[in-house]
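Trainee:
Numbering (UniProt numbering), first residue to last: 1 to 128.
So, in structure tokens, the structure goes:
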């Protein structure tokens, strides 16, 4: 549906890293349910301060910081200690985007962190 050439179609944005297994599951689910989305890969498309701040504002820095993954386990104790504040965590996430929990699904001003079928069904308006 369009109004004076402006598309009113809703498009989601999916943020993450393309070779992540959870990202692959989320992308497969979106495609199987014919949901249009744009994929933003932190590694190839980049991650700037403005985008990260939007994610932090929407989700909080603590949920975004993945302390269970390989990237976290490889950090030095000093790096882990520095990530106990928003400023320190933000610096670390900008330096090493693979430490950001993923995927992040965004539509308008709503954000969903992580992937589960139930959450995606609810977030996208049901099983299409």
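All residues carry an ideal CB built from backbone N, CA and C; glycine is no exception.
Fair warning: this is a prediction, and the values are worked out from it, not measured in the lab.
Of all the options 23, 123, 97, which has the alpha carbon lying nearest to the alpha carbon of residue 49?
Mentor: Taking the first residue of the chain shown as position 1, residue 49 is located at position 49. Per the Cα distances, 97.
Trainee: Based on the DSSP output, what are the partners of residue 56 in its beta bridges?
Mentor: One-based indexing of the chain shown puts residue 56 at position 56. Answer by DSSP bridge pairing: none, since residue 56 is not bridged.
Trainee: Closer than 6 Å by C-beta to residue 58: which residues in its own chain qualify, once you throw out the five before and the five after it? Chain order, please.
Mentor: Against the chain shown, residue 58 aligns to sequence position 58. Within the same chain, residue 58 has close Cβ partners 111.
Trainee: According to DSSP, is residue 112 part of a helix, a strand, or is it coil?
Mentor: The sequence position of residue 112 within the chain shown is 112, counting from 1. Looking at residue 112 - three-state DSSP - the assignment turns out to be strand.
Trainee: With a threshold of 6 Å on Cβ separation, who are the neighbours of residue 69 within its own chain once the five nearest residues in sequence on each side are excluded?
Mentor: Working through the chain shown from its first residue, we reach residue 69 at position 69. Around residue 69: no qualifying Cβ.
Trainee: When you compare only the Cα positions, how much space is there between residue 4 and residue 123?
Mentor: Start at 1 with the first residue of the chain shown, and residue 4 comes out as number 4. Start at 1 with the first residue of the chain shown, and residue 123 comes out as number 123. Residue confidence for residue 4 is low, a pLDDT of 47 falling below 50, so the modelled location carries little weight; the figure read from the coordinates is stated next. Cα to Cα, the separation comes out at about 29 Å.
Trainee: Does the separation of the CB atoms of residue 83 and residue 92 fall below 7 Å?
Mentor: For the purposes of this step, residue 83 is identified with residue 83 of the chain shown, where counting begins at 1. For the purposes of this step, residue 92 is identified with residue 92 of the chain shown, where counting begins at 1. Yes, the pair counts as a contact, with Cβ atoms nearer than the cut-off.
Trainee: Quick check: the Cα distance between residue 29 and residue 121, rounded to an integer number of angstroms?
Mentor: Residue 29 sits at position 29 when you count from the first residue of the chain shown. Residue 121 sits at position 121 when you count from the first residue of the chain shown. If you take the alpha carbons of residue 29 and residue 121, they lie about 10 Å apart.
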